[in-house]
Amino acid sequence: MLITAILILAVGTYAIRLSGVVLRDRLELSEPLQRLLPMSAAALLAALAGTAALMAGSEFAGFARAAGVLAGGLLAWRKAPFVVVVVAAAAVTALLRLAGVE
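Using numbering that gives the first Met the number 0, you'd call the opening residue of the sequence shown number 0 and step up by one each time.
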């Protein structure tokens with residue numbers, strides 16, 4: 000059952016990617032829509048990242064995780080090395096949880 004679901008999702012993903020290549024010359028998009036598509040992809044990725052960062056299952060993951068994500072995001076924005084970003088985010092989350100903040 001699990002292998003079947005994985006194979007179906009893989010074929011669907013491949014078909015979507017292939018349709019972009021095949022339909023590129025046949026489909027004419029308006030100029031405003033061409034400008035909107037990259038922004039919509041960024042918005043979708045931001046929504047997925049926000050959901051993954053702030054939710055644990057169907058519940059709020061807690062303020063400690065949110066603070067860790069915020070600390071990591073600020074360091075990444077300031078162009079800190081990746082290892083520093085990850086360690087700082089984990090440290091902020093761990094210290095807040097150690098202090099009793101959930």
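We put the CB at the ideal spot given by N, CA and C, even for glycine. Computed from a predicted model, the values in this text were never measured in an experiment.
Inset, instruction - For A98, verify whether its CB is less than 7 Å away from any heavy atom of the ligand GTP. - result: With respect to the ligand GTP, the structure offers nothing, as it holds no ligand at all.
Legend entry - DSSP beta-bridge partners of M54: F59
Legend entry - DSSP three-state assignment for V100, whether helix, strand or coil: coil
Legend entry - Alpha-carbon to alpha-carbon, I2 and A45: 29 Å
Legend entry - Test item: CB-CB of V100 and F62 under 8 Å: yes
Inset, instruction - Using the Cα positions of G56 and G11, report the straight-line distance between them to the nearest angstrom. - result: 25 Å
Inset, instruction - Below 8 Å on the Cβ atoms is my guess for A65 versus A88; work out the distance and round it to an integer in Å. - result: Not really, about 11 Å apart at Cβ, beyond 8 Å.
Inset, instruction - Closer than 6 Å by C-beta to V68: which residues in its own chain qualify, once you throw out the five before and the five after it? Chain order, please. - result: A52
Legend entry - Local Cβ density within 10 Å of T92, reported as buried at 16 or more and exposed below that: buried
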